[in-house]
Every structure is written in structure tokens, then in C-alpha cells.
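Residue numbers (the working numbering): 32 to 350.
Only one structure is covered here, and it is reproduced in the block below.
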Amino acid sequence: MKVKEMTFEFPEKPYKADYKIILGETLENLHKIEDEKFDLVITSPPYNVGKEYETKKSIESYLLEQERVIEELIRVTSSKGNICWQVGNYVEKGEIFPLDIFYYPIFKKHNLKLRNRIVWHFGHGLHASNRFSGRYETILWFSKTNDYIFNLDDVRVPSQYPGKRHFKGLKKGELSGNPKGKNPADVWEILIKDWENELWDIPNVKSNHPEKTEHPCQYPIELVERCVLALTNEGSWVLDPFAGVGSTMIASIKNNRNVIGIEKEKKYVDITKQRIDKLFKGKLKIRPITQPIHKPSPNDKVAIFPQEWLSLKFNGNNK
Ligand SMILES: C[S@@+](CC[C@H](N)C(=O)[O-])C[C@H]1O[C@@H](n2cnc3c(N)ncnc32)[C@H](O)[C@@H]1O
């Protein structure tokens with residue numbers, strides 16, 4: 032397949048970031064990129080679940096194909112660089128295959144080091160009837176070496192109990208926390224008051240989310256921003272080899288990181304272009320990184336147990 036390359040330039044550049052969107056096949060284009068260019072590779076690869084942009088194949092041939100891509104990604108990652116691989120489940124005849132379990136040995140075989148298996152929890156989604164409803168996906172964060180970029184202070188969240196003090200030992204009476212906030216941990220659940228709840232709950236990008244485009248499985252800009260801020264420095268290069276509608280690109284540009292995205296579907300590349308354009312014009316709808324998730328108050332209509340169900344006795348709601 033002939034690869035068409037496009038670089039979009041926009042008149043105003045309020046951010047200090049270079050960026051390039053490549054319309055084409057991931058592997059073919061990775062071959063053209065120099066070694067160790069990127070401090071962060073972050074992506075949500077195709078899950079092989081038969082979305083409109085993928086042809087479903089056996090899990091074995093899917094993983095073999097992905098391993099070729101991963102080898103190239105490791106080559107283009109800098110020695111201080113990191114790779115974040117965001118995946119959910121592959122489903123076959125109702126049986127689920129958690130993709131991170133299948134991917135882990137591939138990265139390990141190539142000497143990458145797992146730093147966190149981050150659980151991205153979201154409150155909404157399809158209601159399953161033959162198993163418990165799925166409410167999380169994961170991000171495998173690997174570093175290429177033991178000397179890797181990690182800016183914890185840039186992503187700390189305020190502590191729930193900043194006034195807590197050591198109650199015994201040499202430090203008795205001294206404040207035990209960090210005035211910069213606490214480590215956000217590996218379950219990301221930005222709740223209303225993530226500053227109070229200590230969890231990061233980043234809503235899944237579904238139809239009522241401000242960032243939603245026509246892409247069937249976008250991830251939230253906010254999710255990428257955490258990784259961009261923690262795992263790169265200003266001026267670093269970031270790569271998303273399966274860029275979709277450019278969520279990684281936006282998260283990177285917004286934080287003055289240079290970025291390349293590769294995507295084979297022109298319609299998604301076009302949306303990326305529009306989103307970046309809007310970002311530069313200050314018109315892109317983004318769910319801000321610290322915005323609370325809406326929780327219904329007990330008096331909201333949707334939170335009140337409906338009249339029609341009052342006479343029913345089931346476990347779920349009306350115990
Ligand atoms: C899970 S989606 C990524 C969505 C993205 N994270 C976002 O927020 O928009 C995977 C993307 O990879 C693209 N893709 C799949 N196989 C590809 C390949 N071989 N080369 C280039 N892009 C590919 C698909 O078209 C799809 O948009």
C-alpha cells in the first residue's frame with residue numbers, strides 16, 4: 032500500500048510543540064523513523080474485536096502481528112523512554128481474554144520493565160447479563176531501562192489528610208505527608224473530589240462526554256495527559272502509533288510536547304486535524320484534568336427509586 036504522508040500546519044501556534052499526523056500503516060511508517068526518537072510511546076492499539084476499522088483474526092495471529100509493531104516501537108523509544116499500552120478485553124464467543132495478560136510476555140521478552148499496571152476505572156458502560164459488567168481497562172506502563180523519566184511531582188493529587196502527623200518514632204509530631212500532594216496510585220479514578228477521594232476516575236468517552244467524536248473507541252485526553260506529564264519532559268517527543276482521532280496528539284501539544292500520530296483511516300485523521308485546529312483556536316471541548324465527575328444528588332429524578340418498581344422485591348435496588 033502506498034503511504035500518503037500529511038503534515039498539518041495551522042496559522043497560530045500558541046503551544047511550543049511540533050506535530051505530524053501520518054495517514055498510513057503503522058508498521059510501514061515506523062520503519063522510516065530513526066532510533067530512540069521518543070520519550071513516550073502511548074497508544075490504545077486495535078483490540079481485534081471487529082470494530083469498523085479492524086478485521087477480526089485469531090488471537091495468535093493478532094498478537095504475532097502486534098509483536099512486529101512492538102519491536103519497532105521499542106527501537107524508536109529513547110533509553111530513558113516509556114511505553115504505555117492501553118488495552119481492554121478481546122472477546123470470543125462470550126469468553127473474555129484480558130489483552131494485557133497476553134501482551135505482558137511480549138514486552139518482557141524484549142527486556143522492557145513493567146512499572147505499573149494501571150487500572151483505569153470508569154463508571155459507565157454496557158450492562159452484561161452473562162458475567163459481571165466490565166468497568167475497567169488497563170494501561171501497562173513499561174520503561175525501556177532502569178533509568179527512566181518519571182515526574183511524580185507533576186501529577187500528584189492533594190492528600191485526603193494533609194494534617195496527618197507521625198504518631199511515634201523519631202519523627203513523632205512532624206507532618207507525615209508531602210506538601211506537594213500525594214502519589215495518585217495505580218487505580219485511576221478522578222472522582223468529584225479526587226483531592227478528597229484519592230482516586231482518579233476518568234470517565235470513558237461515551238456519547239455524552241464533551242470530547243466524543245464519531246470514533247467508536249476514543250480514550251480521554253485526560254487519561255493521556257497524566258502519562259504525558261509524568262513520563263516526558265517539555266520538548267520530549269511522543270508517539271501514538273494507532274492515533275485514532277488524535278487524543279494523544281492533543282494531550283501532548285497542550286503540554287508542549289512534540290508528537291507524531293500514525294493512523295490508517297483518513298476520516299479519523301481528518302477529525303484529528305479539526306480537533307487540533309480547534310485546540311489552537313481555544314474551541315476544543317476537553318474534559319479538564321481535574322473536573323469532577325457528575326454525581327446525581329439524592330433528589331435528582333434519575334437517582335430516585337421509580338414508583339413502578341416500589342412493589343417489586345429484588346436484591347439490586349430496593350433492599
Ligand atoms: C483503539 S483505536 C485508538 C483510538 C485513539 N486512542 C483515540 O483516542 O482516538 C485504534 C486505532 O488504530 C487504527 N489502526 C488499526 N490498525 C492500524 C494499522 N495497521 N495502521 C494504522 N492505524 C491502524 C484504527 O483505525 C483505530 O483508529
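Beta carbons are placed, not taken as given, at the ideal position from N, Cα and C, and that holds for glycine.
Range of the contiguous beta strand (DSSP E) that encloses residue i
| i | result |
| --- | --- |
| THR244 | Here THR244 belongs to no beta strand (DSSP E), and DSSP marks it neither H nor E. |
| GLU220 | 218-221 |
| LYS51 | 50-54 |
Residue i vs residue j beta-carbon contact at 8 Å
| i | j | result |
| --- | --- | --- |
| THR263 | ILE302 | no |
| ILE52 | VAL300 | yes |
| GLY112 | TYR78 | no |
| ARG99 | LEU130 | no |
| ALA48 | ARG257 | no |
| ALA261 | LEU143 | no |
| ILE17 | ILE307 | Any property of residue 17 remains undetermined from this structure, which presents the chain solely from 32 to 350. |
Close-in-space but distant-in-sequence residues of the same chain around residue i (CB under 6 Å, 5 per side omitted)
| i | result |
| --- | --- |
| LYS350 | Annotation note: pLDDT 46 at LYS350 (below 50); position unreliable, coordinate value reported separately. Within the same chain, LYS350 has no close Cβ partners at all. |
| GLU67 | SER109 |
| LEU341 | none |
One or two residues paired with residue i in a DSSP bridge
| i | result |
| --- | --- |
| TYR409 | The question about residue 409 has no answer, for the chain in this structure spans 32 to 350. |
| ASP271 | GLY292 |
| CYS115 | ILE73 and TRP172 |
| THR108 | PHE69 |
| ILE127 | VAL122 |
| ASN310 | Reading off the sequence, residue 310 comes out as Leu, not Asn. DSSP output for LEU310 lists no bridge partner at all. |
| TYR179 | Its beta-bridge partners do not exist; DSSP assigns none. |
Distance cut-off 7 Å: residue i Cβ against heavy atoms of ligand 1
| i | result |
| --- | --- |
| ALA274 | yes |
| THR57 | yes |
| LYS51 | no |
| TYR134 | no |
| GLU168 | no |
| GLN191 | no |
Where the alpha helix (DSSP H) through residue i begins and ends
| i | result |
| --- | --- |
| PRO136 | 130-140 |
| THR57 | 57-61 |
| ILE317 | It is not in any alpha helix (DSSP H) - ILE317 carries neither H nor E in the DSSP assignment. |
Chain-order list of residues whose beta-carbon lies under 7 Å from that of residue i (same chain, five-residue window excluded)
| i | result |
| --- | --- |
| VAL255 | ILE73, SER278, THR279 and ALA282 |
| ILE335 | none |
| TYR250 | SER75, GLN117, VAL236 and SER278 |
| PRO45 | PHE311 |
Same chain only: Cβ atoms within 8 Å of residue i, ignoring 5 sequence neighbours per side
| i | result |
| --- | --- |
| HIS158 | SER164 |
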